[in-house]
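Enquirer: Take this structure, written in structure tokens, and hold onto it; I'll ask about it next.
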Amino acid sequence: MEDRTIRVLDDEVRAVVDGIDPATYLRKLVDLLYYDPREPYDASLVPLVISADQHRRYQRAVERICGAALAAFADRRERGGPAADSFERLLLDLPLRDDVVSGNARFDFLEEGDCPRLVELNFVGVGTTGHSHQVGLALLESLPALKRRYRCLHPVETFREQLLRNGIRTVVLLTKDNDREYYGSWLDRLIIVRGLRPVRAFIVPRRDWPSLRSDGRTLSFHRTVIDAIYPRELTWRPSIEEGA
1 MEDRTIRVLD DEVRAVVDGI DPATYLRKLV DLLYYDPREP YDASLVPLVI SADQHRRYQR
61 AVERICGAAL AAFADRRERG GPAADSFERL LLDLPLRDDV VSGNARFDFL EEGDCPRLVE
121 LNFVGVGTTG HSHQVGLALL ESLPALKRRY RCLHPVETFR EQLLRNGIRT VVLLTKDNDR
181 EYYGSWLDRL IIVRGLRPVR AFIVPRRDWP SLRSDGRTLS FHRTVIDAIY PRELTWRPSI
241 EEGA
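Numbering-wise (this note's numbering), the sequence shown opens with residue 1 and increments by one.
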């Protein structure tokens, strides 16, 4: 623990946070789909605050690492990649161009001094981080003085902007059949669907994958043309490991 940087709130932010009304905060956490009594979570009252300069430095580092990671992934695809399993066969049957691989990565990291130390890279970018960021939004909604000074950097917003820039208006989230058994993960799916609007997102559990249809030119789900696939069910991982 000696080399880990522990963030300390400045006095102004601490004074604002100390004045929060717990009942108001809880209502916001429920409204924003973070908290549900069926699978309760703790929620911190200490926001992670970074400066605009720190954000720019993190962004430069992320862009360099993401670019290298996506380039390596694209090179691997060109070499043929692993043997196809059920998910890969589904993709191979769709009318996809060679340039449709897209990444919206985020990073989990510790800090050493002023430098981020990479711990984990997630290509899809939202995942369960869509859920955890609702705490930051709830703090801002509960504390107007904090909202006037700060904003929450939410990965779902970036994901939505990326989809809209690429002309995506409909997307399917491929998920496990038992998503609702783990209610925190299910809330994450609902947060993504809500946050992507006006992009229409359909949650499609594995048992409904056969409802996806292709005529050789387009992909559809129950007669709605689908522009993009978001694979939250990563069933292709074993075949990737076999081909490594």
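Cβ atoms here follow ideal geometry from the backbone N, Cα and C, with glycine treated the same way. Owing to the predicted nature of the structure, the values given are computational and were not obtained by experimental measurement.
Can you tell which of E181, E157, Y182, I192 has its C-alpha closest to the C-alpha of L173?
Expert: The residue you call residue 173 lines up with position 173 of the sequence shown. Nearest C-alpha to L173: I192.
Enquirer: Take E141 as the anchor and find which of K28, Y58, D11, R232 has the nearest alpha-carbon.
Expert: Position 141 of the sequence shown, counted from the start, is the residue given in the question as residue 141. That would be K28, whose Cα lies nearest to the Cα of E141.
Enquirer: Based on the DSSP output, what are the partners of L174 in its beta bridges?
Expert: Reading the sequence shown from its first residue, position 174 is the one you call residue 174. According to DSSP, L174 bridges with V204, P231.
Enquirer: With three or more C-beta pairs closer than 8 angstroms as the rule, is the region 180-188 touching the region 30-45?
Expert: Yes: at least three Cβ pairs fall under 8 angstroms.
Enquirer: Would you say V156 and G195 are within 8 angstroms of each other, going by their C-beta atoms?
Expert: Numbered from 1 along the sequence shown, position 156 holds the residue referred to as residue 156. Numbered from 1 along the sequence shown, position 195 holds the residue referred to as residue 195. Contact flag set, yes.
Enquirer: DSSP beta-bridge partners for R213?
Expert: Here residue 213 corresponds to residue number 213 of the sequence shown, with the count starting at 1. R213 pairs with S220.
Enquirer: Please determine, among D21, Y150, P231, the residue with the shortest C-alpha to C-alpha distance to L48.
Expert: By one-based count along the sequence shown, residue 48 stands at place 48. Ranking the options by Cα distance to L48, first place goes to Y150.
Enquirer: Please classify A201: is it buried, with 16 or more other beta-carbons within 10 angstroms of its beta-carbon, or exposed?
Expert: If you number the sequence shown from 1, residue 201 lands on position 201. Under this definition A201 is a buried residue.
Enquirer: Measure the Cβ-Cβ separation of G167 and C152 and say whether it is below 8 angstroms.
Expert: Translated into positions along the sequence shown, residue 167 becomes position 167. Translated into positions along the sequence shown, residue 152 becomes position 152. Cβ distance not < 8 angstroms, so G167 and C152 don't count as in contact.
Enquirer: From R169, R148, L139, E12, pick the residue whose C-alpha is nearest to that of S220; which is it?
Expert: The residue you call residue 220 lines up with position 220 of the sequence shown. The shortest Cα separation from S220 among R169, R148, L139, E12 belongs to R169.
Enquirer: Let me check understanding here. Comparing Cα to Cα, which of A71, A138, D10 lies closest to P22?
Expert: Within the sequence shown, the letter at position 22 stands for residue 22. Among A71, A138, D10, the Cα nearest to that of P22 is on A138.
Enquirer: Taking a contact to mean a Cβ-Cβ separation below 8 angstroms, would you say D177 touches P210 in this structure?
Expert: Here residue 177 corresponds to residue number 177 of the sequence shown, with the count starting at 1. Here residue 210 corresponds to residue number 210 of the sequence shown, with the count starting at 1. No.
Enquirer: Between the C-alpha atoms of A145 and R197, what's the straight-line distance to the nearest angstrom?
Expert: Sequence index remark: in the sequence shown, residue 145 carries index 145 (1-based). Sequence index remark: in the sequence shown, residue 197 carries index 197 (1-based). When rounded, the distance between both Cα atoms is 27 angstroms.
Enquirer: Using DSSP bridges, identify the partner residues of I20.
Expert: The residue you call residue 20 lines up with position 20 of the sequence shown. I20 pairs with nothing; no bridge assigned.
Enquirer: Do the CB positions of H154 and Y34 come within less than 8 angstroms of each other?
Expert: For this step, residue 154 is matched to residue 154 along the sequence shown. For this step, residue 34 is matched to residue 34 along the sequence shown. Contact: no.
Enquirer: I'd like the span of the alpha helix (DSSP H) that includes G136, first residue to last.
Expert: The residue you call residue 136 lines up with position 136 of the sequence shown. Taken as a continuous stretch (DSSP letters only), the alpha helix (DSSP H) holding G136 covers 134-142.
Enquirer: Between which two residues does the alpha helix (DSSP H) carrying R160 extend?
Expert: Here residue 160 refers to the residue found at position 160 of the sequence shown. From DSSP, the alpha helix (DSSP H) with R160 extends over 155-165.
Enquirer: Given R213, which residues of its chain have a CB within under 6 angstroms of its CB, disregarding the five upstream and five downstream residues?
Expert: For the purposes of this step, residue 213 is taken as the residue at position 213 of the sequence shown. Closer than 6 angstroms at Cβ, skipping near neighbours: S220.
Enquirer: In or out: V171 buried (at least 16 other Cβ within 10 Å) or exposed?
Expert: Indexing the sequence shown from 1 puts residue 171 at position 171. Under this definition V171 is a buried residue.
Enquirer: Taking all protein chains shown into account, decide if T24 is buried (16 or more other Cβ within 10 angstroms of its Cβ) or exposed.
Expert: Within the sequence shown, numbered from 1, the residue matching residue 24 stands at position 24. Exposed: under 16 other Cβ atoms inside 10 Å.
Enquirer: For a test of the three-state rule: what should DSSP assign to V49, helix, strand or coil?
Expert: Position 49 of the sequence shown, counting from 1, holds the residue named residue 49. Note: V49 maps to coil in three-state DSSP.
Enquirer: Based on the DSSP output, what are the partners of V225 in its beta bridges?
Expert: Taking the sequence shown and counting its residues from 1, one reaches residue 225 at position 225. Answer by DSSP bridge pairing, in chain order: S220.
Enquirer: Does A43 come out as helix, strand or coil in the three-state DSSP assignment?
Expert: In the sequence shown, residue 43 corresponds to position 43, counting from 1. Of the three classes helix, strand and coil, the one that applies to A43 here is coil, per DSSP.
Enquirer: According to the neighbour-count rule (16 or more other Cβ atoms, all chains shown, within 10 Å of its Cβ), is L45 buried or exposed?
Expert: Along the sequence shown, one-based indexing puts residue 45 at 45. By the 10 Å Cβ count, L45 comes out exposed.
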